[in-house]
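For reference, the structure is listed below as structure tokens.
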Amino acid sequence: MIFALSGAVGPIIGQNYGAGQHDRVRGAFTAGISFVAIFVVIMTCLLFLLRAPIADIFTATGITRELVYLFCGPLALVFFFNGLLFVANSSFNNLGHPYYSTWLNWGRHTLGTIPLVMLGALWLGAPGALIGQAVGGVIFGALSAILALKVMRTSEQSAIDAAQLEPFALEARQMSSAHWKR
46 MIFALSGAVG PIIGQNYGAG QHDRVRGAFT AGISFVAIFV VIMTCLLFLL RAPIADIFTA
106 TGITRELVYL FCGPLALVFF FNGLLFVANS SFNNLGHPYY STWLNWGRHT LGTIPLVMLG
166 ALWLGAPGAL IGQAVGGVIF GALSAILALK VMRTSEQSAI DAAQLEPFAL EARQMSSAHW
226 KR
């Protein structure tokens, strides 16, 4: 559902950006984030309630059962930050900054995974590996949301600046046109 959201919110952001409706761009971004939050909370509650039957399906015992419980509990909530990254990526791709998506995804899956998983595993074993991966998601998810909001503010300010200069540009075009008519 969260993956599909990133594909659905992008065209809405892009269309409103193209129409100069910056408040709607922010609104679509905020609505996407709100949807992610609601969906993740609902699914986390469902996973938490079903964690024992899920573990039983796999006849999980010992550390394996502990990992299923960890994933179907607090770590499921952390998926919110992955959702932030997905919605932010959609924003970047539709606001003219696709490389931000590339670099944030690359960073998330290298710097935000490998060293944190290794450290987590070193300190806490297998649960630490899952926690390390989750921490990387939090870092890059939050970073992507902050950067997306900055891109939106910058593009809105550029549009405001262009609108303020438009009367001068029109006057200059008229003067130039008058000059060439002579």
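The opening position of the sequence shown corresponds to residue 46 in our numbering, with each subsequent residue numbered one higher. Glycine included, C-beta positions come from ideal geometry on N, C-alpha and C. This structure is a prediction, so every number in the text was calculated from the model and none was measured.
In this structure, the straight-line span from the alpha carbon of Leu-95 to that of Ala-179 is close to 21 Å. In this structure, Val-81 keeps its C-beta atom at 8 Å or more from the C-beta atom of Ile-108. Separation of Tyr-144 and Asp-101 (C-alpha to C-alpha, rounded to the nearest whole angstrom) is 43 Å.
The shortest CA-to-CA distance from Tyr-114 to any of Gly-182, Phe-185, Thr-75 and Phe-93 is the one to Phe-93. A residue is called buried once 16 or more other Cβ atoms fall within 10 Å of its Cβ, and Gly-65, having fewer, is exposed.
Here the region 117 to 128 makes contact with the region 83 to 92; the two share three or more CB pairs at distances below 8 Å.
Take Phe-137, set aside five residues on each side of it, and the residues of its chain with a beta-carbon closer than 7 Å to its own are Pro-143, Tyr-145, Ser-146, Ala-193 and Val-196, in chain order. If you compare the alpha carbons of Phe-126, His-67, Ile-58 and Phe-116 with that of Ile-191, the shortest gap goes to Phe-126. In the structure shown, Thr-106 adopts coil according to DSSP, grouped into three states. In terms of Cα proximity to Trp-148, the closest of Thr-199, Leu-130, Pro-172 and Pro-160 is Leu-130.
DSSP places His-67 in the uninterrupted alpha helix (DSSP H) bounded by 67 to 94.
Considering only Gly-63, Ser-79 and Asp-68, the residue with the shortest C-alpha distance to Ser-51 is Ser-79. With a threshold of 16 other beta carbon atoms within 10 Å, Ala-133 meets it and is buried. Counting only the Cα atoms, Phe-185 lies some 25 Å from Arg-69.
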